[in-house]
Structure formats: C-alpha cells, structure tokens
Amino acid sequence: MDLEQIKYQTCSWDDGEGILLTDIDEAIPETDEDGNLQYYCLEGNHTFSAYEDDES
Ligand SMILES: [Zn+2]
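Mapping the sequence shown onto this note's numbering, position 32 (from 1) lands on 82, and the numbers just tick up by one.
Now the structure itself:
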C-alpha cells in the first residue's frame with residue numbers, strides 16, 4: 051500500500067486538511083472497526099474516518 055497517495059484527506063466537517071493516522075513506523079494505517087482509514091483534522095483538531103465513495 052502506498053501511503054503517500056492516501057496521506058491527506060479533506061475533512062468533510064470543516065474542509066480542514068486531514069493527515070492519515072498510522073502506527074509509529076508510518077507503515078500501517080489506523081482504521082476503525084469498519085476498516086475505514088482514520089485521519090487527524092488540523093483545522094478542527096479531531097479525528098475522522100474516510101469513507102469510500104466510489105459507488106455512486
Ligand atoms: Zn475537521
């Protein structure tokens with residue numbers, strides 16, 4: 051998995067820049083119980099999940 055391509059995600063709450071949460075080695079992305087990637091929003095200082103939106 052190329053983490054560089056998924057490293058940033060725009061926060062859907064406040065359009066802030068979100069940075070991918072990973073383990074300490076930056077090798078394995080953090081996910082929630084549904085397997086969604088977890089990001090830390092620099093704008094609102096909170097975490098959010100990235101949802102795949104390819105089906106529409
Ligand atoms: Zn946010």
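Where a beta carbon is used, it is the ideal one built from N, C-alpha and C, also for glycine. Remember, it's a predicted structure, so these values are computed and weren't measured experimentally.
In the same chain as G66, and ignoring 5 residues on each side of it, the C-beta atoms closer than 8 Å to its own belong to T60, C91, L92, E93, G94, in chain order.
Under the criterion of beta carbons closer than 8 Å, T97 and Y89 qualify as touching, at roughly 7 Å. Contact between A100 and L87 holds, since their C-beta atoms are separated by about 4 Å, short of 8 Å.
Counting other Cβ atoms within 10 Å of its Cβ, G85 stays below 16 and is therefore classed as exposed.
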